[in-house]
Structure formats: structure tokens, C-alpha cells
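Student:
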Amino acid sequence: MAERLVGADHAPPDLRAKITGRARYAEDFRAPGMVFMKLLLSPMPHCRVRNVDATRALALPGVIDILRASDVGEPSDRPSESMLTDEPLYEGEPILAIAAVDEETCAAAIELIRLDLEPLPFVLDPLESLRPGGPNAFTGGNQFSGQDGWSEYKWTDAEFAAIERGEMPDPQDMPTTWSKGDVDAAFAEAAYVVMEPIVHQSLTHHPMEPRSTMAYWENGRPFVYVSTQSAQRTKMGLADALDVDPEDLTFVSEYCGGGFGSKIGGHTHMALAPAMSRKIGRPVMHRVTRYEENYIGRARPGFQSWVKMGFRADGKCTAIDLLIAQESGPYGASDYNSAGSIADLAFTPENIRFRGVAMYTNTPPKAAQRGPGGAQIISMLEPIHDKAARQLGLDRLQVRLLNAPTADVGFGPRNGTLTSVFAREALAEGAEIFDWEAKQALSGRRVGSKVTGVGLGLSPYTAGSRGYDGLLVIRPDGRLYAYQGVGNLGTHSIADTVKPAAQLLGLNWDQVEIVWGDSSRGMPRSSIQAGSQTTHAHSRANYAAAEDALRKIRLVASRQLGGSPNAYQVDNGRVSGPGGSMTFAQVAERAIALGGEFDGSTLPSDISERETVPAAQRLAGQGLMGVAADAYGGNGSIYSWQAGFALVELDVETGMVEILEYVGWADCGTVIHPRSLKAQELGGSIQGMGMAMSQRWVFDPRYGVPFANRLYTARPPGFHDVPLEMTAGAVNIPDPQTPVGAKGIGEPSVGAGAAALTTAIADAMGGNCLCRTPLTPDIILAELEGRPGPWSRLDQHVG
Amino acid sequence: MAEVESVGVLEKKYSRRTFIKGVIATGATVSASSYALRGTSLLGAATFQTSTERLITLNVNGQQRRVDVLPHETLAMTLRYKLNLTGTKLGCDRAECGACTVLIDGVNQYGCSILTHQLRGRSVVTIEGLEDADTGELSVVQEAVMEQGGFQCAFCAPGFIMSMTAMLDTNPNPTREEARHALSGNLCRCADYDKILTCAMRAAELARSV
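Put into C-alpha cells, the structure is as follows:
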């Protein structure tokens, strides 16, 4: 019997390359004659470039050429990002690029460029832009619609007066509004109603690998080496950006040093190196430094928000009124929309009113960051959830079990349904492993200056999608080659999504080759690596291809050996049945001889004509091909859940918090790879803890300049910020609507880790939820000592 | 106490002050443009120059390598752009992340914060030097990482592995707490810390059984 692959641990196939230094990330590629490129970043948060004098720079020995905004795109008054701009909308936005024989000459040339800049009004804080007469991020206004162009959206003095009084403002005509049930009636009937203002920071993604690119052109065709989360989909986007036929683009991204949402379909500036290379006719390395990554590397949008929640005496949440103003950067983000739906899903209030506005600001651009919208809102609402439990004299775990949804849930503005939900099971199992009862008994214990806090959070996020293509070939060496169009961003899904397919074909893991990361080797149409889709989407797509391969293997065997195709079984690289048995190597040879659908010479009609067909055509005739679209269908959205539990000690004399224990437990369907799952759960949870406590964005409000622009100032969590022992696992109940049963897990963990920490800190403070991030020691201390900090209640990015 | 002493010695040899003095002494400027590579004049083209390269001999991964270096050139840049040893990663350019960690005379150091010309007569080991070049045999740390399926995106992995290697040399029998301390100069943004620590502990176990 072949080994069982689903549910077993295997080292990823790329691990040896990664730990011997052989793995080549984008900045590791070299080409003969390669030169360097560097960007000139805007020194102002908003300005107009009146003139650029590059005479001295271009005269410097070794300087080759310059790229300006006009070389790479048309000026636009829309809030859409281009690679270079003559109207920078944030400090650090690239104005131009210089190519030179080495990087230091590039830097020296940049220093010699004379800029004539006209400073323009800027705004960092959404509330400032909402104030009557307040500044706008764009000269045209602070709201944009494709139909009506630019406009101004302002609140009135009445809203700001309400905010001053500590009340929830009641602005009219909010751009996004939806509601369900009767919120006012539900508040009137509630046993407990609580209102809190919320401030959630924005924060940079800071993947370990900055977004460097190397590119060259040969015979009019580009070869580009990039750092991106996705592969096949990034390739299509890059081909569009370069205006070339996708089949003419050789795209290489075998390794990506992390993205967390900042490199989903590639990124705007990845097209700069190929653009420069096209202009100068030489290979170009664009090495992005950490300092530059801070600016062009994307950030999670922050919220200034107010929430009112109503509860029944038994703890059931019956009403939510949520209002969010989002700090959206110059090019927008939609986190606030997800936050509204996820608040509805996580607390099942039945009566909800959501109002939101995305405010353009002159800060580095925003993008989805692991659990976008969900992580922010869960980390902020869970301490309020606890406050209600405390007021009503209820156990916090029991209240969560009551409010967590079951399979019949309808959520969001369209009352969406789910394929499955085992959130209560995840909570209950996690609580047992954490030993909730015993830990809860430690809550509030003080030893010296240290007070124990116990926290828990339940966090949902999207975890799948449908309808992509799978492409497998069994070659005459008897091995299965799985062609992956998904990116290798570190989640191990390039390998894990092949396991169910290989298991269906009765193969051992050492009989499987994963092919990925190089478009010249064939990439079927794939999902982007975002929204935790990949495990669900591509375990299905590869499974569909494996079913197609199995059908063909049986047909080949029955034609060769006689008997009914369905009487043949596969195991250990052989197909056996009434007429005898064949090895997969023999089957592959026979498939090539038969041609037609067997070796991919003819292809099914439902796979992507533009994307999968060219990839399959490259591989036709090389063996038995399994190729199919995921046509399994399904109803409802696919969501996974993470329950997080934390035990912390708060030092009330220093405001420092130490996390002593953490347990994460997930509902993510069938577990394909336990060790990778645990790594995703804990890694995401720690990112969430960083978001809530250690990591930060800090701005100088006067000049619009970010201070936390390097790792040591932004402070993502290091080894000493996390507990020595952490536990994670999953309920391992299959999703009934997908043949493999597996859902994704990357994102729910961020909200769970953050919420476990925000609730634990609130618990250590006697139930006082601060409802803001980051919970730095000075912010905690100011609260403990009952003194006002040097910031206003709703100020963002103060430290 | 041995640890304290060795830290003191290192402080003298590799301190930030020494590094900056080394840069200033060469007449180069430390500017906002960060670490700018110079001297990869790949086609022999003219380049902006204020100082000249000097041919030195480095001992890298047991081999004598002759290389032209600028007075203010960092080891990470020499390794990556002149010796094609790209396993040493640049994550921050400035001693904040540890992705460029290498061993200098067996001690883990940030390659971005050491001037190459200061390393004459010293031994440099990079991630490429851990695997046995003839047999392909992995080091015990690499074996442990393979066994435990370590790292996610793994951009930090070479640096962590070098720090683990140095740790086993000074403390072959660490507790989890000690291992965490020994590795705390390296950052993992995927935050795979739990598994990294498990790899380190397994590596120590394997090293003791050899």
C-alpha cells in the first residue's frame, strides 16, 4: 500500500535548496552585463514636481539613463497608482529611476538631481479630512467615483461635537451603509449596551524579502525575476503592464521571501526594472532596500471607529452598530467592508447597522494584510465582548460559544451562507487544551508588580475559492509531475495541494515532482495566493486533474490488458486489474503512443483557453496527462476559523506585557499537513500579537513624515516577544462541499492572536478595554495611572 | 563568564563604532541612500569613484578567494555580488534582521555590518559552506531543519542556521530559553519561531549523538 499523504508531515520539496543557499530569490539572479537601478523617492507627503534637472546626474561617469513618469504611463487624476509620478501622494513615492553600472553610482546620481517641488496640502488622519474645511489628500477632493469623478465628503460640526463629548457620531450619507433587522429596537430591549470608540493603527507588511526585481530582454521578449506571492496570475498582470503577449514573457518566481498580502499579484513597481531594461537594452537589477520597502511595500489600513453592541442577559449579542472611518492611503483599500461583514459573522447579532467611509490619506499605500479588515475588527471587538460578559456575570468562553455561528448562519449585507462552520468545536477543543477553567482562575492574580491576564478570541476569515484548473503529467519515468501555477510564498501549499491528488493516484510522496515558479515550464490557470484560497482552490483543481488522470490510466490499462476500466485499481505506481498489471512508466509510454486526450494532444473544452491551454500544449506528448477544471461547484462562501487563547503577565509598574502561553485551534476542514498548519496558525497569531502590541506606525503630523520606517523602529515581533511554548491544531472536520475537505488557514490566525492578546491585557487591567492598537507600555501605563497621554483619544500613529 | 568575555572581545573587534570608523577612514560617506554597492563594474565601465578597490585574499568556506574590494564594502555585498554566494540574504542592510548572518572565526556576525577588508586572515563561513562539498552531506543543523520541516518563506533561514551553528559551538546543550536567547538576533517575519526553536533543540540533540 502506498503511504497515506493527507494528514502526514513531509518536508517541502524546496526545503533543501532553501537551507543550503541554493534557492534563488529575485535579488539572487545575475545576468551578463547587468546594471543597477535606484529610485528617487519623494521627500514630501504631497507635492507637484515642477521641474527635474538631471544634467549633473546624467553626466556622472557610469550613469546610463533615467526613467520619468512620462516614460512609463499617462498622468491620471484618478486615485490609481503608477510606477513613477510627477505628483507624489506620500513621502517615499517614487518620482524617477536612474540606471548606472553599479548601485553606488545610482545613489550618487540621485543625490545630484535637482528637484523643483511645489508642496501641496496633505492629510494623514481620516478625521482631519472629514472635518469641515479640513484638508484633502488629492487636489480634487477626498472621494472618487468612476462615474462622477472627484468630490468632497465632510462631516458637520455636530459630529465632531458628539465625538468631543465621547459619543458615537451620527453622520448622514455615509458612502457605505447597510443594515439588517431593527438595531434601535434591539438596543432598547438589550440587558446591556456598550459603546466604545476604537483606534486601530495602520502598519507596514515588512516581509523579510524586499520587493527586488531583475529583468532583461532578449529578441524582444522579457525575462523577469520577481518576488511575488502568486505566480501564474502575477505573470498575466506583468504581461499586461509591459504590454506583451503572456506567452512571450518568461516569468520566474520560484521563491518569495514573504508577502502577507503586499505582493499578491506582484506589485506596481515590479514593472520598473523591465521597463528600464527595455529602454537601455541591458539587464537591470532593482535592489529594494528595507528603507524603500517601508514606503513602497504596502501597509494595513487603520480604523477610527465607533461600535455600540447590545447583549441579552444570557450574553447573546443581539445588536451591533458599527461606524468605521478608514485610513486608506492614496490608492484605497476595502478592509472596512470586510470588517462589517466579519463583525456580523463572528457575533451573529441579527440586528446590525454598518456605516463606513474610506478616506484617502497621504501615507504609504495600503493593501490587504493577512486577514484584512477581519484582524482589525476582531482584535477590537473581542475585549468589548468580554466587557459585556463581565458586566453580565457570565463566563467569557460560554458567551463566545453562544455567539459563535452554526451552519445556518447568514451574514453580511447579502446574508451570505457558508459551506461549513465548526467554530464552536474549535473554541471548545482549544479551551480544553488551554485548560480554560484553570487559567481563568488565575485571572487578576497579582505577584509583585505583575498581574495575570487571560484572553481568548475567535476569528473567521475567507478560506477558499472555486473553478481553477489542474495539470498533471505521469511521465515514462513513472513519476507524477504536478504543474503548479500557484506561488511559493512560504505556506508550503505548492506541495500540500498536490497531496490529495497523489493519494488518489496511489503514489508515495517520493514518486511526486512539484513543478513551479517558472512560466517556461507550464503554469495552469490558478488563483491568486491571497484570501487563504490556495489550499481549498488548488487541492480541488489538482484533485480534478487526478480524477482525469485516473480515468485515463484505467482506460489505458483496459485497452492494453483487457477487462472493464473500472475494474482497475492504482497503488504504488502500478495499475492492476483483471488482465494483469502495468507500471505507471508503461502507462505513460502507452499514453504517448495513443495520443489524443491521453497525452494532452487534445484538451478538454472547459479549461482556460488563454491560460491553461498554452501550458498544457507545452507538455503534450510527454506522458499521460491529467488536466481538468474544478467543476465540483458548491454553495456559499468558504470560511475558516481560529480560536486563540493567551495567558499574559502585565507589569503594572512598567506597562510591559509578557505572553506566557498561547494555544490556537482551528476549523479549517481536513488537515492536509499538520506541521505546516501549526506553523501557519502560530505564525499568523504572532503577526496578530505584533499588530496589537509591539509593531507600530508613527508619523510626524506636522511634516507628514513616517518615523517607524525601518525594522528596529517598526518592531515586528522577535524571539523574545513570543512565548517559549505554543500549541496549535485543528478540529479536522472535513468541509462537506469540497472533495478533499480542506480549507485555508493563513488569515484567521492573525485576528485570533491579536484578540487573545487584547482581551488578556484588558483582563489584566480589570476588564478595562483600551480599544486601541498598538498597546505599547506607555499607552498602558497612562491608562493604569489614570493620567492623559500626550495624545487625544482618537489620534492614530502616536507611538 | 566565558560568554561575557567573548562578547567583550567581539565588541572591540566588531562594534558599530569600529564599523563606522572604518567607513569614515576611507573617506566614504554614510548617506541616506543606505548601502550602495560599488565596484561591480561588470563590463569594466567607468564608474563614480572616490576610492579605489584593493585586491585582498579572503578565506571563505575553507577556500582562499582573491577579490577586489572597496575600503567601505561590506562582507554581505562582497559575498553576494562578487563571490556569487547569494545564500547570505540582505533583509534590512543595517543590522536589524540577521538574514545576512555568517560565521567569522566561528562566531555569528551580521555580514551587512562588517567591512570586508577587515577580514584578511580570518575565516568566513556562509550557508553554502555548511554542506559537505564532496559528499553533499548536510550539517547537523541542516539535518535537524530538514527533519522538522523548518521555516516558511525561509528568507531568514540561512541567517538562523548560521546562528544555530554558532550556538551549538558555545552551548551544545541549550535549554529552549537559552536557544531563544542565542537566536534572538535573527528575525523571522513569518514568525515561525516555535518551529525554529524546535529545529535548534533537535540540532543540539543530533550534535550530541554524533
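Residue numbers (the numbering used here), protein chains in the order written: chain H, 1 to 799; chain P, 1001 to 1210.
The beta carbon of each residue, even a glycine, is placed where N, CA and C say it ideally should be.
As the structure is a prediction and not an experimental result, all values here were calculated from the model.
Roughly how far, in whole angstroms, is the beta-carbon of E1073(P) from the beta-carbon of L1119(P), given that I think they are within contact range, below 8 angstroms?
Tutor: Actually they do not touch by this definition, with Cβ atoms about 11 angstroms apart.
Student: What three-state label does DSSP hand G310(H) in the structure shown?
Tutor: Strand, per DSSP.
Student: With distance defined between alpha-carbon atoms, name the residue in G741(H), D102(H), I779(H) nearest to G7(H).
Tutor: Selected option, being the one with the closest Cα: G741(H).
Student: How many Å lie between D125(H) and P524(H) at the Cα?
Tutor: The straight-line gap from Cα to Cα measures roughly 43 angstroms.
Student: In the segment 108 to 163 of chain H, which residue ranges form an unbroken alpha helix (DSSP H) of at least 4 residues, counting only runs that do not cross its ends?
Tutor: The qualifying runs are 126 to 130.
Student: Could you give the first and the last residue of the continuous beta strand (DSSP E) run that contains E425(H)?
Tutor: It is not in any beta strand (DSSP E) - E425(H) instead sits in the alpha helix (DSSP H) that spans 423 to 434.
Student: Which stretch, first to last residue, makes up the alpha helix (DSSP H) that contains I1161(P)?
Tutor: Start and end: 1157 to 1170.
Student: According to a CB-to-CB cut-off of less than 7 angstroms, which residues of the segment 1143 to 1165 of chain P neighbour chain H?
Tutor: The segment 1143 to 1165 of chain P vs chain H, Cβ under 7 angstroms: V1145, M1146, G1149, F1151, Q1152, C1153, A1154, F1155, C1156, A1157, P1158, I1161.
Student: Taking the DSSP output, what are the residues bridged to C317(H)?
Tutor: The partner list for C317(H) (beta bridge, DSSP) reads F311(H).
Student: Grouping DSSP H, G and I as helix and E and B as strand, with all else coil, what is F598(H)?
Tutor: In the structure shown, F598(H) sits in coil (DSSP, three-state: anything other than H, G, I, E or B).
Student: Have a look at the DSSP bridge pairing and note the partners of Q569(H).
Tutor: Per DSSP, S576(H).
Student: Provide the residue(s) that pair with D184(H) in DSSP beta bridges, ordered along the chain.
Tutor: Looking at the DSSP assignment, D184(H) forms no beta bridge with any residue, so it has no partner.
Student: Check this for me: beta carbons of R696(H) and P774(H), under 8 angstroms apart or not?
Tutor: Against a cut-off of 8 angstroms, the Cβ pair of P774(H) and R696(H) comes out as a contact.
Student: What are the boundary residues of the beta strand (DSSP E) that C1199(P) is part of?
Tutor: That residue, C1199(P), is in no beta strand (DSSP E); its alpha helix (DSSP H) goes 1193 to 1209.
Student: Spatial neighbours of T250(H) within its chain, please: C-beta separation below 8 angstroms, excluding the five flanking residues on both sides.
Tutor: Hits under 8 angstroms: R221, P222, F223, V224, D518, S519, S520.
Student: Assuming Y639(H) and Y461(H) are in contact, meaning their beta carbons sit under 8 angstroms apart, how far apart are those beta carbons, in whole angstroms?
Tutor: Right, their Cβ atoms sit about 7 angstroms apart.
Student: Between the alpha carbons of S1031(P) and I378(H), how many angstroms are there, rounded?
Tutor: Note that S1031(P) has pLDDT 34, beneath the 50 cutoff, so the model's placement of it is unreliable and the number below is only indicative. Their backbone Cα atoms lie some 42 angstroms apart in a straight line.
Student: Buried or exposed, going by whether 16 or more other CB atoms sit within 10 Å of the CB of M1162(P)?
Tutor: M1162(P) comes out buried.
Student: Beta-carbon of G1087(P) versus every beta-carbon of chain H: anything under 8 angstroms?
Tutor: Yes, its Cβ sits closer than 8 angstroms to a Cβ of chain H.
Student: Excluding sequence positions up to five away, which residues of its chain have a Cβ less than 7 angstroms from the Cβ of Y468(H)?
Tutor: Here the set comprises R525, S526, S527, A537, H538, A541, D630.
Student: Count the other CB atoms, across all protein chains shown, that sit within 10 Å of the CB of E164(H); report buried if there are 16 or more and exposed otherwise.
Tutor: That one is exposed.
Student: Taking buried to mean at least 16 other C-beta atoms within 10 Å of its own C-beta, is Y703(H) buried or exposed?
Tutor: Exposed: under 16 other Cβ atoms inside 10 Å.
Student: Roughly how many whole angstroms lie between the Cα atoms of A368(H) and D571(H)?
Tutor: A368(H) and D571(H): Cα-Cα distance of roughly 43 angstroms.
Student: Just tell me which of E91(H), A646(H), V72(H), Y90(H) has its CA closest to the CA of W84(H).
Tutor: Residue identity differs from the one stated: residue 84(H) is Leu in this sequence, not Trp. Nearest C-alpha to L84(H): V72(H).
Student: Just checking: is the beta-carbon of H267(H) within a distance shorter than 8 angstroms of some beta-carbon in chain P?
Tutor: Taking Cβ atoms only, chain P never reaches closer than 8 angstroms to H267(H), which makes this a no.
Student: Determine the DSSP secondary structure at F584(H), reduced to helix, strand or coil.
Tutor: Residue state, collapsed to three classes: helix.
Student: Using only CA atoms, which one of E1053(P), R1176(P), T1126(P) lies nearest to G1062(P)?
Tutor: Checking every option, the nearest Cα to that of G1062(P) belongs to T1126(P).
Student: What separation, rounded to the nearest whole angstrom, lies between the Cα atoms of E425(H) and T535(H)?
Tutor: Each residue's Cα considered, the two are about 21 angstroms apart.
Student: What's the gap between the Cα of V705(H) and the Cα of G134(H)?
Tutor: Their backbone Cα atoms lie some 19 angstroms apart in a straight line.
Student: Mind checking if H811(H) is an interface residue toward chain P, Cβ cutoff 8 angstroms exclusive?
Tutor: With chain H represented from 1 up to 799, any question about residue 811(H) goes unanswered, as that position is not in the structure.
Student: At least one CB of chain H closer than 8 angstroms to the CB of L1043(P): is that the case?
Tutor: Low local confidence applies: a pLDDT of 40 at L1043(P) is under 50, so the model's placement there is unreliable, and no value is given.
Student: Name, please, each residue of chain P whose Cβ falls closer than 7 angstroms to the Cβ of G297(H).
Tutor: Result: empty, since nearest Cβ-Cβ is about 11 angstroms, beyond 7 angstroms.
Student: Check whether the Cβ of P774(H) sits closer than 7 angstroms to any heavy atom of the ligand NAP, and report yes or no.
Tutor: For the ligand NAP, the structure offers nothing, since it holds no ligand at all.
Student: Between Q1148(P) and the rest of its own chain, which residues show a CB-CB distance below 7 angstroms, the 5 nearest in sequence each way excluded?
Tutor: Taken in chain order, the residues that qualify are K1195, T1198, C1199, R1202.
Student: Would the beta-carbon of V123(H) fall within 8 angstroms of that of N362(H)?
Tutor: It is a contact, given that the beta carbons lie within the stated cut-off.
Student: Apart from the five residues on each side of it in sequence, which residues of its chain come closer than 7 angstroms, Cβ to Cβ, to A2(H)?
Tutor: G506, L507, N508, D571, N572, listed in sequence order.
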